[in-house]
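Going by this note's numbering, the sequence shown opens with residue 8, and the numbers climb by one from there.
Glycine included, every Cβ here is placed at the ideal spot set by N, Cα and C.
No experiment lies behind these values; they were computed from the predicted model shown.
Just below is one structure, and these are the notes that go with it.
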Amino acid sequence: MLSKPVLPTRDPDDDRYTPCQSERTQPQARQRVLRYLRNLAAMLSKRDDVTIRLISAGKQIAVTNGNVIWIRNGDFTDPTYLALVKGLIDHEAGHIRHSDFAYLTSLKLTPLQQGLFNPIEDVRMERKVKAEYPGARVNLQKMCEVLVAKGGADYHLQAFPTCFQGFVMLYCRVHVNQDTCMEPAMNKTRCALVQM
C-alpha cells in the first residue's frame with residue numbers, strides 16, 4: 008500500500024512553503040532541507056550543477072568558489088537555522104550568478120583589500136538577486152536578523168582590521184541594502200572604531 012505523501016507545511020509568517028517543519032527526525036529534516044537548498048541554489052544561480060556541502064567548523068558560515076557552496080552544518084529542525092541557511096544559499100547562489108570569479112582572482116587583492124571589496128560586491132550582488140527574486144528579499148532579511156541576534160554582526164568586539172571591515176559591511180548593508188536591523192551593530196562598530 009502506498010503511503011500518504013508528506014507535503015510541506017505552510018509557514019503563517021510568509022507566503023513560501025517551508026521544507027521541513029513536518030519532519031520528526033534530524034536525518035529526515037537534513038535530507039529534505041538539503042534537497043530544497045540544492046533546488047533553491049540551482050534556481051537562483053541558473054545552474055543545475057551547483058553542489059552544496061556542509062562544513063562543521065571554520066571561520067565562515069558560508070562560502071562559494073563558483074561551483075560549490077559550503078554552509079555551516081546545524082540543526083535542520085531549528086527554524087532559526089533554516090532562516091539563516093535559506094538566506095546564505097540565496098547569497099552564495101547570487102555570487103555564482105552575478106560575481107565574476109575570474110576577474111576577482113585576477114585582481115590579486117590583499118586580505119585587507121578583499122575585506123573591503125567583499126561588502127561592496129555583496130551589496131551589488133544582493134540587489135540584483137532581490138530584483139530578480141522577491142522571495143530572496145525575505146530570505147536575505149531574515150538571514151541578517153539571525154546574524155544580528157546570534158552575534159554575527161558584533162564587529163565592535165574585534166581587533167581594528169576586522170572591526171573596520173565589519174563597519175564597511177554594516178554601513179553598506181544599512182545604507183544601500185536597507186538592512187535596518189543591522190543599524191545598531193553599525194553604530195556600535197563606529198563607536199568602537201572612534202575609540203581605537
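Next on the checklist: For S63 and L95, what's the separation of their Cα atoms in angstroms?
Outcome noted: Position 56 of the sequence shown, counted from the first residue, corresponds to residue 63. Position 88 of the sequence shown, counted from the first residue, corresponds to residue 95. One C-alpha to the other measures close to 15 Å.
Next on the checklist: Could you tell me the alpha carbon to alpha carbon distance between E190 and A160, rounded to whole angstroms?
Outcome noted: For the purposes of this step, residue 190 is taken as residue 183 along the sequence shown, with counting starting at 1. For the purposes of this step, residue 160 is taken as residue 153 along the sequence shown, with counting starting at 1. So the two alpha carbons sit approximately 10 Å from each other.
Checklist entry - When the Cα atoms are used, what is the spatial distance from M203 to F167? => result On the sequence shown, residue 203 is found 196 positions in, with the first residue counted as 1. On the sequence shown, residue 167 is found 160 positions in, with the first residue counted as 1. One C-alpha to the other measures close to 7 Å.
Checklist entry - Applying the criterion that 16 or more other CB atoms from any shown protein chain within 10 Å of the CB defines a buried residue, is L154 buried or exposed? => result Your numbering for residue 154 matches position 147 in the sequence shown. Buried: at least 16 other Cβ atoms inside 10 Å.
Item to check | Bounding residues of the alpha helix (DSSP H) (the contiguous stretch that carries T196) | outcome: The sequence position of residue 196 within the sequence shown is 189, counting from 1. E190 to Q202 is the span of the alpha helix (DSSP H), which, as asked, contains T196.
Next on the checklist: For the structure I just gave you, are there three or more beta carbon pairs, one from the segment 75-92 and one from the segment 35-51, closer than 8 Å?
Outcome noted: yes
Checklist entry - Rounded to a whole number of angstroms, what is the C-alpha to C-alpha distance between L164 and F108? => result By 1-based counting over the sequence shown, the position of residue 164 is 157. By 1-based counting over the sequence shown, the position of residue 108 is 101. Going from the Cα of L164 to the Cα of F108 covers about 31 Å.
Next on the checklist: Beta-carbon within less than 6 Å of R45's beta-carbon, same chain only, minus the 5 sequence neighbours each way: which residues are those?
Outcome noted: What you label residue 45 is simply residue 38 of the sequence shown in a count that begins at 1. If we look at R45 and ignore the five residues flanking it on each side, its Cβ neighbours are I59.
Checklist entry - Mapping DSSP to helix, strand and coil, what is A209? => result Residue 209 cannot be examined here, being either before or after the span of the chain that is shown, 8 to 203.
Checklist entry - Would DSSP call A69 helix, strand or coil? => result In the sequence shown, residue 69 corresponds to position 62, counting from 1. Looking at A69 - three-state DSSP - the assignment turns out to be strand.
Next on the checklist: Taking the straight line between their C-alpha atoms, what separation do you get for K53 and K137?
Outcome noted: The residue labelled residue 53 in the question sits at position 46 within the sequence shown. The residue labelled residue 137 in the question sits at position 130 within the sequence shown. Cα-Cα distance, rounded: 15 Å.
Next on the checklist: Going by beta-carbon coordinates alone, are K93 and L47 separated by less than 9 Å?
Outcome noted: Numbered from 1 along the sequence shown, position 86 holds the residue referred to as residue 93. Numbered from 1 along the sequence shown, position 40 holds the residue referred to as residue 47. Yes.
Checklist entry - V175 and P126 look like a contact to me (Cβ under 8 Å); what is the Cβ gap, rounded to whole Å? => result By one-based count along the sequence shown, residue 175 stands at place 168. By one-based count along the sequence shown, residue 126 stands at place 119. 5 Å between Cβ atoms; contact.
Next on the checklist: Do D129 and R180 have their beta-carbon atoms positioned less than 9 Å apart in this structure?
Outcome noted: Taking the sequence shown and counting its residues from 1, one reaches residue 180 at position 173. Taking the sequence shown and counting its residues from 1, one reaches residue 129 at position 122. Against a cut-off of 9 Å, the Cβ pair of D129 and R180 comes out as a contact.
Checklist entry - If V57 and I78 are in contact, beta carbons under 8 Å, what's the gap, nearest whole angstrom? => result On the sequence shown, position 50 is the one that residue 57 refers to. On the sequence shown, position 71 is the one that residue 78 refers to. No, V57 and I78 are not in contact; Cβ-Cβ is about 12 Å, not under 8 Å.
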